[in-house]
Amino acid sequence: MGPHYLSPFFTPRSVAVVGATERPESVGHRIMINMQEAGFSGGLYPVNPNRDTICGLKAYPDLAAIPEKIELAVIATPAQTVPGIIRQCGEKSIGSVIIISAGFGEQDTAGKHLQQEVLDIAHRYSIRIIGPNCLGIIRPNGHLNATFGDGVIKDGNLALLSQSGAVCTAILDWAQSMDIGFSTVVSMGGAADVDFGEVLDYLALDSKTTGILMYVEGIRDARRFLSGLKAAARLKPVILIKSGRHESGCKAAMSHTGAMIGGDDVFDAAIERAGVVRAYSIAQLFSAARVLANNYTVKQNRLAIITNAGGPGVMSTDRAEEVGVKMAELSDASLEALNKVLPPHWSHANPVDILGDATPERYKNALEICLKDKNIDGALIILTPQAMTDSKQVAELIISASKTTQKPVLASWTGGNRVQEGRRLFDNSRVAHFSTPEVAVDAFSFLARYTQNQILLKQIPSAQNEQVTHDVEGSRLIIERVLAEGRQVMTAQESKAILAAFKIPVNHTVKVDNAKEAIIAAETLGFPVALKVNMSQFSHKSDIGGVRLNINSAKDVSMHYTEMENLIKQKYPDVDEVTMTIEPMHRSYSGRELMIGVIRDPVFGPAISVGLGGTMVEILNDKAVALPPLNEYMVEQMIAKTKAAKYLKPFRQLPAANIKALVNTLLSVSSMVSELPEILELDINPLIVDDRGVMAVDARIKVQISHQLSPYSHMTIHPYPHELIHYYQLPTGANICIRPVRPEDADMEKDFVHRLSERTKYFRFMQALQELTPEMVVRFTQIDYDREIAFIAVTEEKGKSKELGVGRYMTNPDGHSVEFALVVSDDCHGMGIGTRLMKTLMQTAKYKGLSFFEGEVLAINKPMLSLVKKLGFSIEPVPGDKEVVRVVKDLRM
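If you read the sequence shown in our numbering, its first letter stands for residue 1043, the second for the next number, and so on.
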């Protein structure tokens, strides 16, 4: 694997600063000074037609005049000059450019046109751009500071990725005061070309970076953003802040769901699926980074607090309640052990108050007992400066005890000078320390959330429940008829037909146009019945008096029909005809009213919600939100977040609700919105859930014409492509399955590479490789199925799956071509497995609209060259490299 295509931005051997000057107040001058003060060891070339020298270096009138090859150009000139400079970059073969200048897409229409002109020229020359309107890039380890920021950035192992230059400088200034260093700092600015997803992809593989901090304002390409987040979060902690939390871009008059769910709810759901933790302040950002950098893991979120003062313990408990951290219940064995080592007046509960005269040994004994307790997932040690407290010795013993456990140990040495010596000891230890107990509790909550989100990251459900067959085509025909009539909002009867097609139980609904038809329908269905308005222009029927329940006679049906008809015509004189539905009353003595909803988020696509339902749904405001596709685990986690979760358990005289039926309903809704991109909004309200099952009593769906070119392109998260699994037999009679790789294939993938001969490993990886590293295993088995796909050939041997070969491709940054890799087990050469894998890969790429299939092959790898030649690839030399050839297949032919 060669260097990442973004490497010239971070490790350039030569940099040209276009717009460099000697004016101290100018951006170009500040960049030059920063580059020199950082100690950049490569070629540094100021470009200014009006100066002979700048900052002691020879200046050049333009890029063409520089005699050396330039890897990175930094542009700090007025916006109107940038298109011409980008053209110069193209003519000089400069492939990486940072545009510091403002005045582009963030401005008026003229600025947007100027930005598009710049992008058009850049694409013509295959130039990648970071910016415009950005602070620049810092790489302390590489002595690169291509920014106009102020101050020295310490070298470290955290990467900072920020959309705002101002926030970036604020974070850097705060970090400097806290003595925190960085591996990389990237200010994205307008992100007109290179976006978050691409930089995250680079940082995921960057050995200098062990954690990533992000500040996000808006997202241009949600699928690429999430894909990059996932790639990074699988290998290292990612913590982000997003501004604009209270904007509600998803409200819709038609939908209860749309009125309740804002863009921020959906954003939270998206980053949970990406395995990322969200912070809400700069302090929280670094608190999370501090605790996650220690590679702690927790099974649950049960925290024990050990303190020498009652007040901080109570404050910590309050904060734990606020952020969802559970205070651990001490086991009987722990209580007994603590009684033996603590004074009689200790708290005898969690928080473990060991009193103000606590000795270092008392702290140590209490911590060791708590860490052995299976009810405890982590411990927070609080020390306040008392007259008899030795903060340094306590810190030493806490550090020593922390080395004997995998459970996280956090410390809060609360105070000033008297606890400073103890804090310094924690700096170089595995114990994450914080200035106040509340911040420490926040950090533990981030750790618990990170662990939970990492589990969600590894969930890759199929679009459809593989055990249930849904009538997708029938549903699409109904939707097409509605759209052909010029309508978007479906009637309750039409909406319930869609639900029924996806195996969601619905009560019988009969459309009626007059009182006579209503009586006939009621007599047919049996009393009691419900009478409801059935008109698409009235989304919330109860708001207009359009629902009458528990009608027990034909006479009452006629009366209610006439009353509602007259009421609606009086309120809405433009209405010529009133239509209604008759439904049997759904009887359930133990029923709970829930609501399931779907909205189409403008950034992340379909989002599903569940919570308490009924007519007071907006007031109750109970919701958990998730992005499809969903699986059983994810749905269970989703339900557990709601207030309704407690209501579904045995309650007074009510038996427990049928959770399995509710889970299946949510899975069906997930399948529905995955398979039907036409669905914009959906409300099932109420969904009655009782001990017997579920019943969708009322439903409303809003649809639109779908223009998607490929399946699931309306969704941010690509489902597991179950439809790509296929089977065949080897000439030996062995049954083979070729399928997309799954995260649970990690051990099988490791074993497969372990079994390869040294020669085959060298042919595949182009380097000596004994075993896959943990990072490589994650990278190879946890993929997004959109820009990347990997197929494995698997057979069953002695009741165990065995991998025989693997082929994969990754979409290149141009969006039109892919880079492939292929390897087959040594004992399976000549059986056609490689050919099958290659054909499967090419067919998949072609189906996705990709144009070129490319790869680099060692010139001595004759079997691979023979295979690709047979499949119609052209073979081209790689300039400057005699050991490798490039093979290319035009998929359009």
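Cβ coordinates follow ideal geometry from the N, Cα and C atoms, glycine included.
Between the region 1319-1333 and the region 1235-1242 there are fewer than three inter-stretch CB-CB distances shorter than 8 Å, so the stretches are not counted as touching. A Cβ-Cβ distance of about 38 Å is found for the pair ALA1453 and ILE1502, leaving them out of contact under the 8 Å criterion.
Between ASN1183 and ASP1197, the C-beta gap is smaller than 7 Å, which places the two residues in contact.
PHE1051 and ARG1181 have their C-alpha atoms roughly 9 Å apart. Inclusion of VAL1819 and ALA1788 in the CB contact set at 7 Å is warranted, their separation being smaller than that value. Apart from sequence neighbours up to five positions away, the residues of its chain that approach LYS1744 with a beta-carbon distance below 6 Å are MET1296, GLN1530, VAL1531, LEU1722 and GLU1723, ordered along the chain.
A Cβ-Cβ contact shorter than 7 Å links LEU1439 with PRO1402. By the C-beta criterion, the region 1127-1135 is judged to be in contact with the region 1104-1118, since at least 3 inter-stretch pairs fall below 8 Å.
Taking a cut-off of 8 Å for Cβ pairs, the region 1373-1381 and the region 1404-1418 touch, as three or more such pairs fall below it. Within the DSSP secondary-structure output, ARG1055 pairs in no beta bridge. Contact holds between the region 1695-1707 and the region 1626-1645, because three or more Cβ pairs, one in each stretch, are under 8 Å apart.
Membership of CYS1779 in the beta strand (DSSP E) is indicated by the continuous run 1777-1782. Selection ALA1273, VAL1910, LYS1284 and GLY1352 evaluated against LYS1500 yields ALA1273 as nearest (Cα-Cα).
Rounded to whole angstroms, ARG1332 and ALA1474 show a C-alpha spacing of 6 Å. A Cβ-Cβ separation of about 5 Å places SER1916 in contact with VAL1930 under the 8 Å criterion. Just so you know, the alpha carbons of PRO1386 and ALA1351 end up roughly 16 Å apart. Ranking ALA1421, GLY1458 and THR1426 by CA distance to the CA of ILE1441 puts ALA1421 first. About 5 Å separates the beta carbons of LEU1268 and THR1758, which is inside the 8 Å limit, making them a contact pair. When beta bridges are read from the DSSP output, THR1063 appears opposite no residue.
Residue pairing for TYR1102: DSSP places it in a beta bridge opposite VAL1089. By the neighbour-count definition (other C-beta atoms within 10 Å, threshold 16), ASP1740 is a buried residue. By the Cβ-count criterion, ARG1361 is buried, with 16 or more other Cβ atoms from all chains shown falling within 10 Å of its own Cβ. For GLY1191, the three-state secondary structure derived from DSSP is coil. Residue pairing by DSSP puts ALA1863 in a beta bridge opposite ARG1850. Annotation: GLY1653 to ILE1661 spans about 12 Å, alpha carbon to alpha carbon.
Here SER1716 is buried: its Cβ has 16 or more other Cβ atoms, across all protein chains shown, within 10 Å. Scanning its chain for C-beta atoms nearer than 6 Å, with the 5 sequence neighbours on each side dropped, one finds around ILE1834 the residues VAL1783, GLU1845 and VAL1848, in chain order. For ASP1923, DSSP records a beta bridge to VAL1920. Proximity of the region 1509-1518 to the region 1544-1554 meets the contact definition, three or more beta-carbon pairs being nearer than 8 Å. Between GLY1207 and PHE1238, the C-beta spacing is not below 7 Å.
Within a 10 Å sphere around the beta-carbon of MET1430 sit fewer than 16 other beta-carbons, which makes this residue exposed. Here ILE1073 is near VAL1059, since their CB atoms are less than 7 Å apart. TRP1455 has LEU1425 as its beta-bridge partners, per DSSP.
The three-state secondary structure of HIS1768, taken from DSSP, is strand. Membership of SER1204 in the beta strand (DSSP E) is indicated by the continuous run 1197-1204.
Fewer than three beta-carbon pairs drawn from the region 1757-1773 and the region 1274-1286 are found closer than 8 Å, and the two stretches are therefore not classed as touching.
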